[in-house]
Ligand code: DC
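In my numbering, the protein residues as written are 49 to 272.
Okay, here's the thing in structure tokens:
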């Protein structure tokens, strides 16, 4: 059966990864969370005290970073490994979220990630979510979805996720982080978040997970 590339871009915390995982599972495609790569690089920089305003330091550090995605049969999704350590959960921490947009705005970091992302898509049969997947990474993808949702709904969803791991977190902190990331991600010079001209908008403010999956699957069937 014909295999395609599906890109899902959009604002922070609007359900991109949930939809991407649903589609990958249904189609038996590989799911790649491109944001996890920027988060893992940020984690490495933080742990190793890399001054990312200094490009020499950035380039040196990138040479020591090996990222891999490995399928976890229990969670039934791919998880990211940073130099052979599974960092899938630790990269979700607010400490990383607070710095990731700054790190993801660095051209060298983006070149490092995009090169690997393109390689992962060479055989198609992939669902990748992020901010620049339909515009920069796979501009010729067969299906591009741009996701959006009401701000309040996004804050509440992300707060629910984070408070389970960190009961001290406040909704104000989560709101401030999402607003800051959306601003930096959509205003940076290199590959800013924007809707690809040929992307289909999916607003899931009032959709259940099942409904959003159904809508996306209809789009997939059209492309196949
Ligand atoms: O999808 P996420 O929230 O885990 O992504 C974390 C950050 O990484 C996000 O704030 C912006 C950056 N990012 C990016 O610049 N380009 C991508 N393709 C994916 C994520």
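For glycine and all other residues, C-beta sits at the position ideal for the given N, C-alpha and C. Values in this document were obtained by computation on a predicted structure and should not be read as measured data.
Residue i vs residue j beta-carbon contact at 9 angstroms
i	j	result
residue 174	residue 80	yes
residue 62	residue 195	yes
residue 161	residue 237	no
residue 239	residue 177	no
residue 51	residue 213	no
residue 55	residue 189	yes
residue 147	residue 207	no
Chain C contact for residue i (CB, 9 angstroms cutoff)
i	result
residue 179	You won't find chain C in this structure, because it holds only one protein chain.
Helix, strand or coil at residue i according to DSSP, with G and I counted as helix
i	result
residue 195	strand
residue 91	helix
residue 253	coil
residue 261	helix
residue 267	helix
residue 110	helix
residue 115	strand
Chain-order list of residues whose beta-carbon lies under 6 angstroms from that of residue i (same chain, five-residue window excluded)
i	result
residue 136	127 and 128
residue 249	194
Chain-order list of residues whose beta-carbon lies under 7 angstroms from that of residue i (same chain, five-residue window excluded)
i	result
residue 230	59 and 60
residue 66	257
residue 166	185
Option in the options with minimal Cα separation from residue i
i	options	result
residue 121	237, 78 and 189	78
residue 168	67, 96, 100 and 118	118
residue 187	234, 244 and 88	244
residue 109	250, 131 and 123	131
residue 102	151, 263 and 163	151
residue 199	252, 263 and 269	252
### Task
Could you pull out every unbroken alpha helix (DSSP H) segment of at least 4 residues lying fully inside the segment 127 to 184, listed in chain order?
142 to 152 and 155 to 168
### Query
In chain order, which continuous runs of the beta strand (DSSP E) of length 3 or greater are located wholly inside the segment 190 to 246?
191 to 196
### 4 or more residues per run - each alpha helix (DSSP H) lying fully within the segment 52 to 104
64 to 75 and 82 to 95
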